[in-house]
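Take a look at the structure below.
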Amino acid sequence: MHDIPRSLTAVNSDFWTECLRLCFSALLSSAVNRCSLSLLQNLTEEHLDTPSPLPTMADSMDIDDSLYSRQRYVLGDSAMQQMAQSSVFLSGMGALGVEIAKNIVLAGVKAVTLHDCKRCEVWDLGTNFFIREEDVHSQKKRVEAVHSRVAELNPYVQVSVATDVLDENTDLSFLKRYQCVVLTETKLSLQKQIDCFCHSQQPPIKFIGCDVFGICSRVFCDFGEAFEVSDPTGEEPKELFIQNISQGNPGVVTCMDSRAHGLQTGQSVCFKEINGMSELNGSTHQVTVLSPYSFAVGDTSSFQPYAHAGIFRLVMMPKIFTFAPLQLHTIMLALDAFLEQHARLPNIGCMQDAELLLKFTEEVSRTLKNKVSFELVRSVSCCARGCLSPLAAAVGGIASQEVLKALTGKFSPLQQWFYLDAIEVIQPLQSLPAEEFAPRGDRYDALRACIGESLCLKLHKFQVFMVGCGAIGCEMLKNMALMGVGLSRCSGEICITDPDLIEKSNLNRQFLFRPQHIRKPKSTTAAAASLEINPELQIDAHLNKLCPATEDMYSDAFFSRLNLVVTALDNVEARRYVDSRSVSNQKALLDSGTMGTKGHTEIIVPYLTESYNSHRDPPEEEIPFCTLKSFPAVIEHTIQWARDKFESAFSHKPSIYNMFWQSHSSAQEVLQVRIILHTMEGSFQVIKLLSRRPTQWNHCLALARLKFDKYFKKKALQLLHSFPLDTRLKDGSLKITKCVYLYQHIETDETVKKPDQLKMTVSSEEERQAISQLQEAIISSFVTPERLRMTPLFFEKDDDSNGHIDFIASASALRAHMYAIEAADRLQTKRIAGKIIPAIATSTAAVAGLVSLELIKVAGGYGFELFKNCFFNLAIPVMVLTETAPVKRTQIRDDISFSIWDRWTIFGHEDFTLSDFMNAVKVCCV
1 MHDIPRSLTA VNSDFWTECL RLCFSALLSS AVNRCSLSLL QNLTEEHLDT PSPLPTMADS
61 MDIDDSLYSR QRYVLGDSAM QQMAQSSVFL SGMGALGVEI AKNIVLAGVK AVTLHDCKRC
121 EVWDLGTNFF IREEDVHSQK KRVEAVHSRV AELNPYVQVS VATDVLDENT DLSFLKRYQC
181 VVLTETKLSL QKQIDCFCHS QQPPIKFIGC DVFGICSRVF CDFGEAFEVS DPTGEEPKEL
241 FIQNISQGNP GVVTCMDSRA HGLQTGQSVC FKEINGMSEL NGSTHQVTVL SPYSFAVGDT
301 SSFQPYAHAG IFRLVMMPKI FTFAPLQLHT IMLALDAFLE QHARLPNIGC MQDAELLLKF
361 TEEVSRTLKN KVSFELVRSV SCCARGCLSP LAAAVGGIAS QEVLKALTGK FSPLQQWFYL
421 DAIEVIQPLQ SLPAEEFAPR GDRYDALRAC IGESLCLKLH KFQVFMVGCG AIGCEMLKNM
481 ALMGVGLSRC SGEICITDPD LIEKSNLNRQ FLFRPQHIRK PKSTTAAAAS LEINPELQID
541 AHLNKLCPAT EDMYSDAFFS RLNLVVTALD NVEARRYVDS RSVSNQKALL DSGTMGTKGH
601 TEIIVPYLTE SYNSHRDPPE EEIPFCTLKS FPAVIEHTIQ WARDKFESAF SHKPSIYNMF
661 WQSHSSAQEV LQVRIILHTM EGSFQVIKLL SRRPTQWNHC LALARLKFDK YFKKKALQLL
721 HSFPLDTRLK DGSLKITKCV YLYQHIETDE TVKKPDQLKM TVSSEEERQA ISQLQEAIIS
781 SFVTPERLRM TPLFFEKDDD SNGHIDFIAS ASALRAHMYA IEAADRLQTK RIAGKIIPAI
841 ATSTAAVAGL VSLELIKVAG GYGFELFKNC FFNLAIPVMV LTETAPVKRT QIRDDISFSI
901 WDRWTIFGHE DFTLSDFMNA VKVCCV
């Protein structure tokens, strides 16, 4: 049974709603656990002063759901616990290294050792978001500068530093205490040496090498010769209903309602809840796909005939991946050779170094039988020493996910190389003079080496409006701060708006926030944190929602001064509204989103691409009302039913109650009207609530007990009376395919009666009785100003102390038991009831980095063919870059066409007639 909380007054609610919620939830939980209801019936008011304590985290292996809830839905508890026991060695605190450090510390590994030997330079201010100007002035070591800032991201992670030189003469035995080694800014020969050492250990130490050279990047993974992955895809296995199973060799399973099963030959499924051919229940079979709606499962000829019902579910089978030690690849390998020979990368814009790199490339090409163009080699050479921080962010997210895979065996790892470039960013810049890319001794030198001074200045002058300051918003602000987007000295600005406050669950992904920021506004806090990264920024932070109600503030005049709109939103409707405003004001829009390990970016450019509203996803299937009320089939149905009951009992009815008494000054006034008119709109339900309102703890228990009988016994009896179990539909299938039987298995005390003041008869004489009950309440002094007010409870999924999820989990579990549906655990119930979108910092960092690369192109006014949309799934892993969809034009006549971006502006006057308007349109069309 659930313990009763320490203090009922700790929750912002009145005695009635709080007690009813606690009692109902306790009753429901006790029924699931087969506890005696008499224990609850014996509780009295003295228990309010001597309650049982709330459960606390038992040990370090408990998962802090208030911090990790969104990530738990991505990785699962098993992977989370494996991470919490794993240590990582990370070398190199440059742009890429600090991104990886951020992501894996947010994810919650046990320990991270940060290694670096270099000291802070001005250059680092434009690539490392944890290095400050005072660190540069004091010549502090990079790893010491970032250590405390990385450590404060997650109190559960031990972060240490190492500053000893790591080279060919280092004794590598110290790496044996780590489960994963990640190297950045490390020359190839040393990477190969360390990889061979890690590969030879038993069990192997997982090795990841990654680099960013200007516009090019790579990731290499070696997880040993036999790396087992428990869940290769991360997709939630579907459950589908069975229409029929044939008796034969092989037996053929047909899906209900011609639903596609989505299976592949060789996969395995398990069966449950089959009536008739019960031999299949609980068994796992390999399938042979026959059609999109049917598959074979082996010999069923000796089984009982199939009767009805049944569900099958895909079984995720472990997969073994084999890795080889480090191998070699073309231009990046030529860069490695250049670095080995000259102890440096090619100088910025130096053609002699480009010639040398070409020679190294030709040597590698002869080995690999590969051809590479000189123009490509020259482009890579000229900016190899530079750094595009958005590219580092994207690769950092990808590499960090590989670290988590190495530690947990969750999701398919890279096999074994991954390359990502931003060649299209520098393609239009080839004709610029070398001086454009020369360093100027400021924080933007790394960026300038890649895109030139002119484009840097355009970014500094940019006017950006970002809607939303959540996970993607924080990453975008970090990227814009590193690139110097919207500087005050250049009259640039970043305007951000977000009405939300910071919650603890945000800290797992929204890295600009810390525990001391909880319950503070996201936008102003994120703005202050961004100014710490780059004090030159001009940021205007708002707390408003962008919607029709705020169009006076975010008017067309406001949009007219913008260069770009960025969305960092978590719902489709808000995106559609922002898109409509951007299109009507002819402004570019950068949209992105994530769900678990999946991410997408969409680039919308005036006159070049279609808009976000140009395409629509199919609407989500709504659960039919009759299914929710009487015929649930899957756990989602029972959870939604429980959520509806919560809203009705604790939010909707109290709100109606308050509205009624705000409109009517006293109970005496209501009584007089009822006596005269015998009716009053809304009064019956309110009087019912008033009459049933408890005054003592045992009254709450009795009322909750009666609710329990109503929902889980009487409703079942009523349903079976209306639809006996043998009732069939027109096609011959059973109306109720799942047995409604809970009421047969719960011992109930039929002698329990309502306390006198709770009695409420509903019959044809209800109007008269309502008058009588209100009279009794007034005479007995039951009606007081306090009793004419209730405090509605508004569903809050992230506060585990409020009991909201406990109520829904308990009610859902009981209803699932009624219909022989497998109940969901509390974590799954919270996800479904709260409509939580799974999220993890790795995919957020990757998607924000990719969007920020497109921001550079928008600032540069690039052509259509250079913009890229992206979809990725880090779990598989796969990344698909595509051209944006071209805008569609409607032809009016041979010489006139229009698109969503075109508009004709006609200026009228007081005497403007329809004829004048038509003539003005004709002029526009000429």
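Here the sequence shown is numbered in UniProt numbering, starting from 1 and rising by one per residue. All C-beta atoms, glycine included, are put in the ideal place defined by N, C-alpha and C.
Integer Cβ distance of residue i from residue j, believed to fall under 8 Å
| i | j | result |
| --- | --- | --- |
| leucine 628 | valine 578 | In fact, because the Cβ distance is near 33 Å, the residues do not count as touching under 8 Å. |
| valine 634 | phenylalanine 660 | Incorrect: roughly 38 Å between the Cβ atoms, too far for contact. |
| glycine 298 | glutamate 185 | At roughly 55 Å, the Cβ-Cβ gap does not stay under 8 Å, so glycine 298 and glutamate 185 are not in contact. |
| leucine 175 | isoleucine 205 | 6 Å |
| leucine 280 | phenylalanine 303 | 7 Å |
DSSP bridge partner residues for residue i (one or two, in chain order)
| i | result |
| --- | --- |
| tryptophan 661 | DSSP lists no partner for tryptophan 661. |
| glutamate 239 | Arg313 |
| serine 160 | Thr113 |
| cysteine 180 | Val88 and Lys206 |
| isoleucine 245 | Val253 |
| cysteine 221 | Ile208 |
| glycine 214 | Cys387 |
| isoleucine 896 | Arg893 |
Local conformation of residue i per DSSP, three classes
| i | result |
| --- | --- |
| phenylalanine 912 | coil |
| glutamine 463 | strand |
| asparagine 802 | coil |
| lysine 835 | coil |
| cysteine 350 | coil |
| arginine 728 | strand |
| asparagine 479 | helix |
| threonine 882 | strand |
| isoleucine 906 | coil |
| threonine 170 | coil |
| alanine 226 | coil |
| phenylalanine 708 | helix |
| isoleucine 494 | strand |
| phenylalanine 511 | coil |
| arginine 119 | strand |
Which listed residue (the options) has its alpha carbon closest to that of residue i
| i | options | result |
| --- | --- | --- |
| lysine 598 | Val229, Leu188 and Phe411 | Phe411 |
| alanine 541 | Ile348, Phe511 and Asp500 | Asp500 |
| tryptophan 417 | Val372, Phe323, Leu388 and Arg378 | Phe323 |
| proline 305 | Arg344, Gln267, Ile245 and Asp299 | Ile245 |
| lysine 835 | Gly486, Arg70, Ser160 and Asp65 | Arg70 |
| isoleucine 604 | Thr163, Leu590 and Ser66 | Leu590 |
| isoleucine 896 | Val923, Glu355 and Glu883 | Val923 |
| arginine 262 | Glu279, Phe360, Leu290 and Ile274 | In the sequence as displayed, the identity of residue 262 is glycine instead of arginine. Among Glu279, Phe360, Leu290 and Ile274, the Cα nearest to that of glycine 262 belongs to Leu290. |
| phenylalanine 220 | Met595, Leu420 and Ala813 | Leu420 |
| alanine 716 | Ser373, Leu814, His804 and Asp799 | Leu814 |
| glutamine 586 | Gly251, Ser899, Ser258 and Asp65 | Ser899 |
| proline 521 | Val150, Gly468, Leu183 and Gly596 | Gly468 |
| alanine 574 | Ala704, Ser592 and Leu172 | Ser592 |
| proline 203 | Ser189, Leu190, Gln179 and Cys387 | Gln179 |
| valine 425 | Gly863, Arg889 and Val182 | Gly863 |
| methionine 790 | Asp709, Asn544 and Phe650 | Phe650 |
| methionine 256 | Glu235, Ala309, Cys210 and Cys270 | Ala309 |
Proximity of residue i and residue j at Cβ, strictly below 8 Å
| i | j | result |
| --- | --- | --- |
| lysine 272 | isoleucine 242 | no |
| phenylalanine 513 | threonine 525 | yes |
| glycine 409 | serine 230 | yes |
| cysteine 450 | cysteine 350 | no |
| isoleucine 398 | leucine 874 | yes |
| leucine 67 | phenylalanine 213 | no |
| alanine 885 | threonine 609 | yes |
| valine 159 | valine 150 | yes |
| glutamine 247 | serine 301 | yes |
| proline 724 | leucine 414 | no |
| valine 464 | isoleucine 494 | yes |
| alanine 859 | leucine 455 | yes |
| tyrosine 73 | glycine 108 | no |
| glutamate 532 | isoleucine 518 | no |
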